[in-house]
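> Residue numbers for the sequence shown follow the working numbering, so the first one is 1226 and each next one is one higher.
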Amino acid sequence: MKKLLILPLFLFSVQLLSQKPELMPPLGHTSAINAVAISADGLYVLTGGKDNTAMLWSRSGKLLKVLSGHENPIQAVSFARDGHMLTLEQSPDNPLLRIWSPTGELLKTLESQDKTLPFTYAQFHPDGQSVLAGHAGGKLQRIDWRNEGAVLQNYKGRNIDVFCIAVSQNGRRFLVGSGDGYASLYDINQSNPIAELDGHFAAPQGGFYNSVRSVALSADGQRLITGGSDNTTIIWDGNGQMLGKFTGHRDGVNAVAVSPDGLSFASGGNDMALFILEENGQVRQSGVVFNFNGLAFAPDGRHLVGVGLHRDAIIFDTKEGLRNIGALGSRSSAVTSVAFSPDGEYGLTGGSGSSIRLWPINSRDVQHFYNFSEYNTPVTFVPGKEAVLACEDYYPMQEWGFNLQPGPSYENADGNPVSVVAYAPDGRHIATGNRGGIINIWASNGRLLQQIEGHSSSIQALQFSPDSQRFITTSSGQQRGGQKSYDV
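#1: Start and end of the beta strand (DSSP E) containing LYS1290?
#2: For ASN1435, does the three-state DSSP call read helix, strand or coil?
#3: Kindly indicate the opening and closing residues of the beta strand (DSSP E) around GLU1503.
#4: Pick helix, strand or coil for ALA1260, following the three-state DSSP scheme.
#5: Of the residues ARG1695, LYS1381, LEU1292 and HIS1474, which one's Cα is nearest the Cα of ASN1414?
#6: Using a threshold of 8 Å, state whether the C-beta atoms of THR1458 and SER1492 are closer than that.
#7: Using 8 Å as the Cβ pair cut-off and three pairs as the minimum, do the stretch 1625 to 1635 and the stretch 1645 to 1654 touch?
#8: Going by C-alpha distance, which of ARG1653, MET1622 and GLY1473 is nearest ASP1639?
#9: Check for me: the beta strand (DSSP E) holding PHE1344 runs from which residue to which?
#10: From this set, LEU1449, ILE1663 and HIS1309, which residue's C-alpha is nearest ASP1486's C-alpha?
#11: Tell me HIS1654's beta-bridge partners as DSSP assigns them.
#12: Let's test the definition: count the other Cβ atoms within 10 Å of the Cβ of GLY1569 and tell me whether it reaches 16, buried, or not, exposed.
#13: According to DSSP, is ALA1408 part of a helix, a strand, or is it coil?
#14: Measure the alpha-carbon distance for PHE1388 versus ASN1479 and round it to whole angstroms.
#15: For SER1409 and ASP1445, which I take to be in contact (beta-carbon distance under 8 Å), what is that distance rounded to the nearest angstrom?
#16: Compute the distance between the beta-carbons of GLN1366 and ASN1379, then report whether it is under 8 Å.
#17: Less than 8 Å separating the beta-carbons of THR1451 and HIS1474?
#18: Taking only three categories from DSSP, how would you classify ALA1361?
#19: Ignoring anything shorter than 3 residues or poking outside the stretch 1614 to 1638, list the beta strand (DSSP E) runs there in chain order.
#20: For the candidate residues PRO1650, LEU1674 and SER1681, whose alpha-carbon lies nearest to that of ASN1659?
#21: Assess contact between the stretch 1272 to 1282 and the stretch 1396 to 1407, defined as three or more Cβ pairs (one per stretch) separated by less than 8 Å. Is contact present?
#22: Any chance you could list the beta strand (DSSP E) runs of at least 3 consecutive residues sitting entirely within the stretch 1429 to 1491, in chain order?
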């Protein structure tokens, strides 16, 4: 990207905190996204969220259809080869399985025929005629959705809840993750598993914290990947033999995916890390900080979609350093902070959607930086560097390079949420204002130089003079002055 130039202009920064403005109607999920699937032709993406909706998107990121009517969060989504879609609710009672037409019309609503063993997971078989359904207690079936869920075949499970299912694109094999730390590989026509995959921490009592949380197969079913609550990701061959175990995650692995050629494996977890594992042993990590719930490779094997606790579905280019190239639903939250780079080449926004975005003025190649805050994220550019600085409520200030690599972080000085931030044009000082009316002055190396109790209410705007010698602040209240200026 073009290098920032330091011009004799001060950084224009506006912070908006007195209200939570929506710049446009919400577009996308309003809560965490639990599941994602990509159509066989790679033209469509289906997401399911905790907001009780599933959404159908074009590959370019246009929202095409909201699949509404669910009464509970979405646990699983799936495409059939002919474009039919599946959604499964997440409910402790009797979650409903719904089948939708390729255009998003509801065709069928099914519930488990045994009310004592409700659905826990489901995926389309590629033929589009049948569904592989997992139940509480390990019950596993292939059912005919067109015939009121009539059972086509029963499979021997592990007598413990089914957590996840993945089907090979040729439809011949499927892989099941269970609540006891085991995964089972099946031939679609055989009732008994052809291999039991034992490599994760196994616990007879089962449960979310002892489970295989995510599974995936290559197109031909000859490469398998499993992710577990034991923080490990394991790659297997088509016979169920372990090829390698990855232990780089610091928390449970919620999402895994395999490229269609079986040579690249994606692993995302609760530790907000995404890794690409190559069969040749190479490991790459994304700089995006994101709590992953689901991953899906596009048919081209190059693009990867990730979803998680934040509201966006993020698209990665796995061949260009795991570069983030876009998002689905990227306008679903308020923008509360805006800054322009000194050379005018970039805009920077922060807001309530847990996403910071870098906008090249002459390009649509928007860059996303992820944080933890659900409300206000003050942002600014770092003078003389291709980097941005973000303040995340009670969290430390964090510097991010344009290449998504994290830089220095600075601890919160007084425990109050930061409401505004500005860098002096000469790059020597950082000033922050918080919701308690306190101003903190920092050296660029992160050392706290001064605290000023300047206002009695939240500071809404802070800006340096062009010579970096003074700054001005504005607060939301009128007591003790709504606007003040200070020497550095």
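Think of the CB as a built atom: it goes at the ideal place given N, C-alpha and C, for glycine as much as any other residue.
Checking against the coordinates, here is how it stands:
#1: 1288 to 1292
#2: helix
#3: 1499 to 1503
#4: strand
#5: LYS1381
#6: yes
#7: Output reads no: the stretch 1645 to 1654 does not touch the stretch 1625 to 1635.
#8: The residue with the shortest Cα to Cα distance from ASP1639 is MET1622.
#9: 1344 to 1349
#10: LEU1449
#11: ALA1668
#12: exposed
#13: Strand, per DSSP.
#14: 11 Å
#15: Taking C-beta atoms under 8 Å as the contact rule, SER1409 and ASP1445 fail to qualify, at a distance of about 19 Å.
#16: Yes.
#17: no
#18: helix
#19: 1622 to 1626 and 1631 to 1635
#20: Cα-wise, what sits closest to ASN1659 is SER1681.
#21: no
#22: 1437 to 1442, 1448 to 1453, 1458 to 1462, 1467 to 1471 and 1478 to 1483
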